[in-house]
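As they're listed, the protein sequences go chains A and B. With numbering that gives the first Met the number 0, the residue at position 32 of the first sequence is 31, and numbering never jumps. With numbering that gives the first Met the number 0, the residue at position 215 of the second sequence is 214, and numbering never jumps. Glycine residues also receive a C-beta, built at the ideal position from the N, C-alpha and C atoms. Take a look at the structure set out below.
2 protein chains.
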Amino acid sequence: MSDDLRRRPVGVFDSGLGGLTVLRALHERLPGEDLVYFGDTARVPYGTKGEKTVRAFARQDAGVLVELGVKLVVVACNTASAFALDHLQEVLPVPVLGVIGPGVGEAVRVSRGGPVGVIGTSGTIRSGRYQEGLRRLLPDTPIVARECPLFVPLVEEGLMGHALTAMAADGYLAPLRAAGVDTLILGCTHYPLLKDDIARVMGPEVALVDSAEALAAAADELLGARGLRRRDGTGPSVPEREGDLCFLLSDIPWKFAEIGARFLGRPIADVRTVGLDEMEEAGRRLAERA
Amino acid sequence: MSDDLRRRPVGVFDSGLGGLTVLRALHERLPGEDLVYFGDTARVPYGTKGEKTVRAFARQDAGVLVELGVKLVVVACNTASAFALDHLQEVLPVPVLGVIGPGVGEAVRVSRGGPVGVIGTSGTIRSGRYQEGLRRLLPDTPIVARECPLFVPLVEEGLMGHALTAMAADGYLAPLRAAGVDTLILGCTHYPLLKDDIARVMGPEVALVDSAEALAAAADELLGARGLRRRDGTGPSVPEREGDLCFLLSDIPWKFAEIGARFLGRPIADVRTVGLDEMEEAGRRLAERA
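Shown next, in the form of structure tokens:
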């Protein structure tokens, strides 16, 4: 494996800004790697949209990262992982990791034998991918899945801890509580910001699984297994450097700075926008490889 | 004016399904005209996105209608009207009508001299277009404008009359109520479905302006003034026929049938999807004309 390849950045894409929670986890786990984030803020959200559309968008998003020369594509968006991971595995010239496998693995690890719950967008839940993954590893465990479509707009409006969010959480989570789940997968990048609101309804004994850290661990492992971990110079004796973070968005939305900082945990600097024509072109080039 | 041109359909576009309220008003006002609706369901919503993105999307949406040979383009989406109407007037080969002018006109007509309020998406309100239009016609009247970003997802979830919607309405509308507005423009195609929720907070004495009917009246007038009203054969003696309704969408979203029927007031039949590449191409052809 050439040093040139190892020095390439890791690419992360998401339907919008929610995936910055994944970027943050990757940066903590792999502080020496350069990371490029692409958020499709022009077409967000994906969770309400159909499979064919989400696959086409995901191909374009991944295509933008591939054109930048990334060594690995991480799909932070749960809906894109649900609908497009198999497709991306076919068309991408680099390895690709989705968020659902690591999330399922983490849920299995922390589960104490009771029913397992999963919440997400309409697309993620209706795709059945989390449910399939859990059933394969925990064939005798009841699984309770629930769409929570208002959670994304509530987070984007900054209403964590607000009475509106509390009321929505009560409604969405009642069936999960009634089923007695002991483990709940937060199957959307926005939901970790609602951990307190969700824990209030579910109670302190329910383990809330945020897939971001499990995904970062999976990325670390994959880079190691494929010999793709960054190395400057000839070996581990080279002084450490902190990896660069670079941000690409398809739109600069209202409240972008505020929402972005909420997910990333610090202000976002150096944002470049990607045009619709660039995205279209990147998606087309990938499709031609397939 | 040739009969061929008069027989062409009227095109209506919107960011998603909300514009079906405008289609309904057009069909009631102009029952003999064929109507083509294009909803950009793949990229909905527009109201949270930036001006440049909304202009590019609006050009593509209008381009799709122009390629179908429409004689008039009606912009049902308030955000697209706010950001792109001037641009569309430059590049379109047919007349174009936005929703803001007719909405302002209707508000001025029903206003009783007190402050006038306007509610809409973040994009519509931040563009200042409604405020400018009102200020021009009512220079001495206080204007109170307010973003209501959760109203769109609440309507899409079908939560009209729900406690969540009541709580959101209380929060958003309190400043308008406190200002004593006597007229309130519902500056988003989704909001007419919340008329009861809004009236409950504002009180029965406040006039709620739904721009759909004013827009349909403006379309009727424009077709008349330009000699574009549909005529089959040679004159008014020809028997009337009911115009066709045709639906194009860029995505078939989850809950599409349910949400569509809610806005249109009847089930939607004969839906065709438009590909991202077709939209990109239609937008590019229009841009080249400019």
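Mind listing, in chain order, the continuous beta strand (DSSP E) runs of no fewer than 3 residues lying wholly within the region 54-125 of chain B? If only complete runs of 3 or more residues are kept, the region 54-125 of chain B shows the beta strand (DSSP E) at 71-74, 115-119, in order along the chain.
Sorted by chain position, which residues of the same chain lie with C-beta nearer than 8 Å to residue 137 of chain B's C-beta, five sequence neighbours on each side aside? 107, 110, 115, listed in sequence order.
Decide if the region 183-196 of chain B is in contact with the region 249-257 of chain A; the criterion is three or more beta carbon pairs, one per stretch, under 8 Å apart. By the Cβ criterion, the region 183-196 of chain B is not in contact with the region 249-257 of chain A, since fewer than three pairs of Cβ atoms, one from each stretch, lie closer than 8 Å.
Counting only C-beta atoms, is residue 240 of chain A closer than 8 Å to chain B at any point? Chain B, which has no Cβ nearer than 8 Å to the Cβ of residue 240 of chain A, makes this no.
Answer with buried or exposed for residue 152 of chain A, where buried requires no fewer than 16 other C-beta atoms within 10 angstroms of its C-beta. Note on residue 152 of chain A: 16 or more other CB atoms within 10 angstroms of its CB, so buried under the neighbour-count rule.
Is residue 190 of chain A helix, strand or coil when you go by DSSP? Helix, per DSSP.
Using DSSP bridges, identify the partner residues of residue 20 of chain A. Residue pairing from DSSP leaves residue 20 of chain A without any beta-bridge partner.
Assuming residue 122 of chain B and residue 78 of chain B form a contact by the criterion Cβ under 8 Å, report the distance between their Cβ atoms to the nearest whole angstrom. Contact between residue 122 of chain B and residue 78 of chain B holds: their C-beta atoms lie close to 4 Å from each other, under 8 Å.
Got a sec: does the ligand ZN put a non-hydrogen atom nearer than 7 Å to the Cβ of residue 188 of chain B? This structure does not include the ligand ZN; it has no bound ligands of any sort.
Can you tell me the Cα-Cα spacing of residue 246 of chain A and residue 87 of chain A, whole angstroms? If you take the alpha carbons of residue 246 of chain A and residue 87 of chain A, they lie about 21 Å apart.
By the 7 Å beta-carbon criterion, what residues does the region 109-137 of chain A contribute toward chain B? Those would be 121, 122, 125, in chain order.
Is it buried or exposed, residue 281 of chain B, if we count other Cβ atoms within 10 angstroms and call 16 or more buried? Under this definition residue 281 of chain B is a buried residue.
Please determine if the region 61-79 of chain A and the region 164-183 of chain A are in contact, where contact requires at least 3 C-beta pairs separated by less than 8 Å. Counting Cβ pairs under 8 Å, fewer than three are found: no touch.
Which word fits residue 212 of chain A, buried or exposed, when buried means at least 16 other C-beta atoms lie within 10 angstroms of its C-beta? Answer is buried; the Cβ neighbour count reaches 16.
Unbroken alpha helix (DSSP H) run spanning residue 164 of chain A, endpoints: Residues 162-177.
Using a Cβ-Cβ cut-off of 7 Å (strictly less than) and excluding sequence neighbours within five positions of residue 200 of chain A, which residues of its own chain qualify? Correct list, in chain order: 168, 169, 172, 176.
Residue 135 of chain B in three-state terms, based on DSSP: In the three-state reduction of the DSSP assignment, residue 135 of chain B falls in the helix class.
Tell me the residue span of the beta strand (DSSP E) that contains residue 206 of chain A. Here the beta strand (DSSP E) through residue 206 of chain A covers 206-209.
Cβ-based contacts, 9 Å cut-off: residues of the region 254-275 of chain B near chain A: Of all residues in the region 254-275 of chain B, 254, 255, 272, 274, 275 have a Cβ within less than 9 Å of some Cβ in chain A.
Is there a Cβ of chain A sitting closer than 8 Å to that of residue 250 of chain B, yes or no? Between residue 250 of chain B and chain A, the shortest Cβ-Cβ separation is below 8 Å.
Assuming residue 196 of chain B and residue 164 of chain B make a contact with CB atoms under 8 Å, what is their CB distance in whole Å? Their Cβ separation, rounded to whole angstroms, is 5 Å, which keeps residue 196 of chain B and residue 164 of chain B in contact under 8 Å.
Taking the beta strand (DSSP E) that residue 142 of chain A falls in, what are its first and last residues? In the DSSP assignment, residue 142 of chain A falls within the beta strand (DSSP E) that extends over 142-146.
Please report whether the beta-carbon of residue 49 of chain A lies at a distance below 8 Å from any beta-carbon of chain B. Output row for residue 49 of chain A: interface = yes.
Nearest-angstrom Cβ-Cβ length linking residue 261 of chain B and residue 157 of chain B, presumed shorter than 8 Å: The Cβ separation is near 7 Å, so the contact holds.
My output table needs one value for residue 197 of chain A: the three-state DSSP class, helix, strand or coil. Collapsing the DSSP output to three states places residue 197 of chain A in a helix.
Between which two residues does the alpha helix (DSSP H) harbouring residue 149 of chain A extend? Careful: residue 149 of chain A lies outside any alpha helix (DSSP H) and carries neither H nor E.
When DSSP builds the beta bridges, which residues end up paired with residue 185 of chain A? In DSSP, residue 185 of chain A forms a bridge with A/118, A/209.
Can residue 214 of chain A and residue 69 of chain A be called in contact, C-beta distance under 8 Å? Contact annotation: residue 214 of chain A and residue 69 of chain A have beta-carbon atoms that are not nearer than 8 Å.
State buried or exposed for residue 13 of chain A, treating a residue as buried only when at least 16 other CB atoms are found within 10 Å of its CB. Counting of Cβ neighbours within 10 angstroms places residue 13 of chain A among the buried residues, the total reaching 16 or more.
Using C-beta distances below 8 Å, list every residue in its chain close to residue 91 of chain B, excluding the 5 sequence neighbours before and after it, in chain order. Result list for residue 91 of chain B: 61, 65, 72, 285, in chain order.
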